[in-house]
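Visitor: Numbering (my numbering), first residue to last: 43 to 385. For each residue, glycine too, the CB sits at the ideal point set by N, CA and C. This structure is in structure tokens; I'll ask about it shortly.
Dropping the structure here:
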């Protein structure tokens, strides 16, 4: 059994809104150990949505849809789902009552178009929305197909997911295993060079290894599927140890560790302090180091010497070397480092 995420909204296709819902749901499915192989984004068009549903029901057992549950004319998700499965919509009196109560609490008049949100396919259960006016549905329109719909508003979707959807999925036998990942971080080596060092480890199936480049570093995600967190960690540990052995000092940390936190820990362990002389980075290095709480224990400060005159005046860099070798050179960098050290 596998899940598929379908996000509905023309604003997503146009790039007007960043689709954070799909990222969140993908992470949640992984945490529950529910396989998930496909994602789709479709505009507010019922015919196109039905074509996406036709593909999804052939390859996935759990369809999770977000968006298109509001009261406006372009909110067509529920109607399109009902039409696809040839099931009539019916007004749910519980939703009507809750809508009237919510508008009354807000001191607002409920317009007739809000009753559209009370229409659900015959036989569907309600997925309550405590934070908004657009409830979702949980529905099994045919054997081996479960549909869950959520509003597109991330805060509403997340609360509905945690308070109702996860409980329901667990009760139906989904999520008996979990997927746990650990991310190893590397610097000073490219993705292709790292891959060549690891070699056949990429062929492992549990845990799996996936490389991806990030700003200033390369990462390896080790993901294991098991019945418990301890069992998953036990699968990851020997593979992580072998990777570190093969890559040596290229690997600087894992998970939430950053180069700045690792450097800080090394400085504290060896009782050393650090000062920086910056040019083109314009204070970026110092900012990165001082983002760490308690960094004053090892970080003394720095000098931003972007202009050559500042390098000469503040750090004692030789003018003739700036002329002959240039500001971006090993000679000048060494003099900058010595200059800040001696101050």
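Look at the Cβ atom of residue 66, then the Cβ atom of residue 218, and state whether they are nearer than 8 Å.
Guide: Not closer than 8 Å, so no.
Visitor: Pop quiz: residue 261 and residue 286 are said to be a contact at Cβ under 8 Å. What is the actual Cβ separation, rounded to whole angstroms?
Guide: Residue 261 to residue 286, Cβ: 14 Å. No contact.
Visitor: Whose C-alpha, out of 289, 324, 364, 298, is nearest the C-alpha of residue 334?
Guide: Closest option to residue 334, Cα to Cα, is 298.
Visitor: So the alpha helix (DSSP H) residue 324 belongs to, where does it begin and stop?
Guide: Premise fails: residue 324 is in no alpha helix (DSSP H) and is neither H nor E.
Visitor: Identify, in the order they occur along the chain, each residue of the same chain with its Cβ nearer than 7 Å to the Cβ of residue 231, setting aside the five sequence neighbours on each side.
Guide: Cβ neighbours of residue 231 beyond the five flanking positions: 260, 292.
Visitor: Assign residue 343 to one of two classes, buried (16 or more other C-beta atoms within 10 Å of its C-beta) or exposed (fewer than that).
Guide: Exposed, because fewer than 16 other Cβ atoms sit within 10 Å of the Cβ of residue 343.
Visitor: Please work out which residues of its chain come closer than 7 Å, Cβ to Cβ, to residue 330, disregarding the five sequence neighbours upstream and downstream, and give them in chain order.
Guide: Contacts found: 302.
Visitor: Kindly indicate which three-state DSSP category residue 267 falls into: helix, strand or coil?
Guide: DSSP places residue 267 in strand when its eight states are reduced to three.
Visitor: Any idea what DSSP makes of residue 43, helix, strand or coil?
Guide: Of the three classes helix, strand and coil, the one that applies to residue 43 here is coil, per DSSP.
Visitor: What's the C-alpha gap between residue 310 and residue 332?
Guide: Roughly 14 Å separates the two Cα atoms.
Visitor: Hey, is the region 81 to 88 in contact with the region 48 to 55, meaning 3+ C-beta pairs nearer than 8 Å?
Guide: Judged by Cβ distances under 8 Å, the region 81 to 88 makes contact with the region 48 to 55, as three or more pairs qualify.
Visitor: With distances taken Cα to Cα, identify the nearest neighbour of residue 161 among 153, 133, 184, 176.
Guide: The option with the nearest alpha carbon to residue 161 is 133.
Visitor: Here's the rule: buried if 16 or more other CB atoms are within 10 angstroms of the residue's CB, otherwise exposed. What is residue 319?
Guide: With 16 or more Cβ atoms within 10 Å of its Cβ, residue 319 is classed as buried.
Visitor: Can you look up residue 260 in the DSSP assignment and give me helix, strand or coil?
Guide: Looking at residue 260 - three-state DSSP - the assignment turns out to be strand.
Visitor: List the endpoints of the continuous beta strand (DSSP E) containing residue 224.
Guide: Per DSSP, residue 224 belongs to the beta strand (DSSP E) from 220 to 228.
Visitor: Residue 49 bridges to which residues according to DSSP?
Guide: DSSP output for residue 49 lists 83, 108 as bridge partner(s).
Visitor: Span of the alpha helix (DSSP H) holding residue 188?
Guide: Residue 188 -> not in any alpha helix (DSSP H); beta strand (DSSP E) instead, spanning 187 to 192.
Visitor: Alpha carbon to alpha carbon, how far is residue 324 from residue 99? Give it in angstroms, no decimals.
Guide: Roughly 54 Å between the two C-alpha positions.
Visitor: I'd like to know if the region 232 to 249 and the region 202 to 213 are in contact, where contact means that at least 3 CB-CB pairs between them fall below 8 Å.
Guide: The answer is no - the region 202 to 213 does not touch the region 232 to 249, with fewer than three Cβ pairs under 8 Å.
Visitor: Pick out the complete beta strand (DSSP E) segments inside the region 273 to 352, 3 residues or longer, and give them in chain order.
Guide: Listed in chain order, they are 293 to 296, 316 to 320, 341 to 346.
Visitor: Kindly indicate which three-state DSSP category residue 216 falls into: helix, strand or coil?
Guide: It is coil, neither helix nor strand.
Visitor: Residue 88 lies in the alpha helix (DSSP H); which residues open and close that run?
Guide: 88 to 101 is the extent of the alpha helix (DSSP H) around residue 88.
Visitor: Give the straight-line distance between the Cα atoms of residue 380 and residue 346, rounded to the nearest whole angstrom.
Guide: Spanning the two alpha carbons is a distance of roughly 15 Å.
Visitor: Who does residue 254 pair with in a DSSP beta bridge?
Guide: The partner list for residue 254 (beta bridge, DSSP) reads 261.
Visitor: Which residue's Cα is closest to the Cα of residue 53: 354, 198, 110?
Guide: Per the Cα distances, 110.
Visitor: Alpha carbon to alpha carbon, how far is residue 113 from residue 140? Give it in angstroms, no decimals.
Guide: Distance between the alpha carbons of residue 140 and residue 113 is about 15 Å.
Visitor: Can you check which of these residues, 234, 256, 357, 119, is closest to residue 321 by C-alpha distance?
Guide: Closest option to residue 321, Cα to Cα, is 357.
Visitor: Under 8 Å Cβ to Cβ from residue 391, same chain only, skipping five residues before and after it: list those, please.
Guide: Residue 391 cannot be examined here, being either before or after the span of the chain that is shown, 43 to 385.
Visitor: Alpha carbon to alpha carbon, what distance is there between residue 69 and residue 145?
Guide: Answer to the nearest angstrom: the Cα atoms are 34 Å apart.
Visitor: Within this structure, are the beta carbons of residue 124 and residue 154 separated by less than 8 Å?
Guide: Going by C-beta atoms, residue 124 is not nearer than 8 Å to residue 154.
Visitor: Please report how far the alpha carbon of residue 387 lies from the alpha carbon of residue 305, in whole angstroms.
Guide: Residue 387 is absent from the structure shown; the chain starts at 43 and stops at 385.
Visitor: Could you please give the first and the last residue of the uninterrupted beta strand (DSSP E) stretch that includes residue 234?
Guide: No beta strand (DSSP E) contains residue 234, which is instead part of the alpha helix (DSSP H) from 233 to 240.
Visitor: Which same chain residues, not among the five before or five after residue 138, have their C-beta less than 7 Å away from its C-beta?
Guide: Cβ neighbours of residue 138 beyond the five flanking positions: 157, 160.
Visitor: Determine, using beta carbons only, whether residue 274 and residue 222 come nearer to each other than 8 Å.
Guide: Yes, the Cβ-Cβ distance between residue 274 and residue 222 is below 8 Å.
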